[in-house]
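First up is the structure itself, then whatever we jot down about it.
In this note's numbering, the protein residues as written are 583 to 808.
And the structure:
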């Protein structure tokens, strides 16, 4: 067993996932497994070369074979897994709900809900990167993201269920802000803005600060919990 805190981050090759991976890699006493469909992505290979505590792994959220292989690799390498940060940035369709193909809901549903509905064995913290777009209590305006919001809402519910059903597990859904990632900027342009207002670095810095992932109270103060 490692004396370091071991993290697994999905979608680690770009956007918020890459920002989180970079921030954690720079911390002492961490081991970061950077999950991506393509673990050989240039962004991850360069980060791993700079930080020996970063280990790119193949991770496809809707593929149980990939996931089991990743967990086996983590167990062999680190002997434990302390924190999973489920960051799934699927946004394949922008437009009115009535013109959204039903296939888009399926395409968004599988990766997003599969990342939040399975309890991680022996893991104290599951943090799901969600969005206010998945909050039914948030005043609605036309972002053209029915599939994105609906599947985020479903994942939020699954996270709450996991938290209630597993007393030893900290599970929470967190809103990182309206971040200038590819999907964030796409929704900004639709609403007359040049880009989303929050940089990835600002989102990550605001979320982490001096806080320690793995502590429920600290995490809930660090982000807006949905």
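Where a beta carbon is used, it is the ideal one built from N, C-alpha and C, also for glycine.
Sequence-distant residues of the same chain with beta carbon closer than 7 angstroms to residue i, five excluded per side
| i | result |
| --- | --- |
| residue 780 | 759, 760, 761 and 762 |
| residue 625 | 595, 596 and 600 |
| residue 753 | 708, 741, 744 and 745 |
| residue 777 | 762, 767 and 770 |
| residue 731 | 715 and 716 |
Top-ranked residue by Cα proximity to residue i, from the options
| i | options | result |
| --- | --- | --- |
| residue 667 | 773, 716, 622 and 617 | 617 |
| residue 635 | 593, 709, 589 and 756 | 589 |
| residue 788 | 756, 773, 765 and 650 | 756 |
| residue 707 | 774, 647, 628 and 744 | 744 |
| residue 599 | 730, 709, 772 and 735 | 709 |
| residue 637 | 645, 627 and 646 | 627 |
Which residues DSSP lists as bridging residue i, in chain order
| i | result |
| --- | --- |
| residue 766 | Beta-bridge pairing links residue 766 to no other residue. |
| residue 734 | Its beta-bridge partners do not exist; DSSP assigns none. |
| residue 740 | Residue 740 is not bridged to any residue. |
| residue 587 | 612 |
| residue 707 | 665 and 752 |
| residue 607 | In DSSP, residue 607 forms no bridge with anything. |
| residue 618 | 640 |
| residue 771 | Answer is none; residue 771 lacks a bridge partner. |
| residue 718 | Per DSSP, none; premise fails for residue 718. |
| residue 780 | 761 |
Residues of its chain near residue i, where Cβ-Cβ distance is below 8 angstroms and the 5 sequence neighbours each way are ignored
| i | result |
| --- | --- |
| residue 720 | 714 |
Between the CA atoms of residue j and residue i - distance to the nearest angstrom
| i | j | result |
| --- | --- | --- |
| residue 614 | residue 750 | 22 angstroms |
| residue 664 | residue 587 | 6 angstroms |
| residue 649 | residue 633 | 23 angstroms |
| residue 770 | residue 629 | 29 angstroms |
| residue 655 | residue 716 | 33 angstroms |
| residue 622 | residue 595 | 9 angstroms |
| residue 793 | residue 747 | Unreliable placement is indicated for residue 793, whose pLDDT of 40 sits below 50; no coordinate value is reported for it. |
| residue 657 | residue 644 | 20 angstroms |
| residue 728 | residue 718 | 12 angstroms |
| residue 712 | residue 737 | 8 angstroms |
| residue 607 | residue 784 | 17 angstroms |
| residue 735 | residue 782 | 22 angstroms |
| residue 659 | residue 591 | 16 angstroms |
| residue 739 | residue 646 | 21 angstroms |
Whole-Å CB distance - residue i paired with residue j, under 8 angstroms assumed
| i | j | result |
| --- | --- | --- |
| residue 661 | residue 764 | Rounded, the Cβ-Cβ distance is 35 angstroms, inconsistent with contact. |
| residue 530 | residue 669 | Residue 530 lies beyond the range of the chain shown here (583 to 808); nothing can be said about it. |
| residue 619 | residue 603 | Actually they do not touch by this definition, with Cβ atoms about 15 angstroms apart. |
| residue 605 | residue 786 | 5 angstroms |
Close Cβ partners of residue i (< 6 angstroms) along its chain, the five nearest in sequence each way excluded
| i | result |
| --- | --- |
| residue 774 | none |
| residue 611 | 586 |
| residue 640 | 621 and 648 |
Cβ of residue i within 8 angstroms of any chain D Cβ
| i | result |
| --- | --- |
| residue 642 | This model lacks chain D altogether, as it is built from one protein chain only. |
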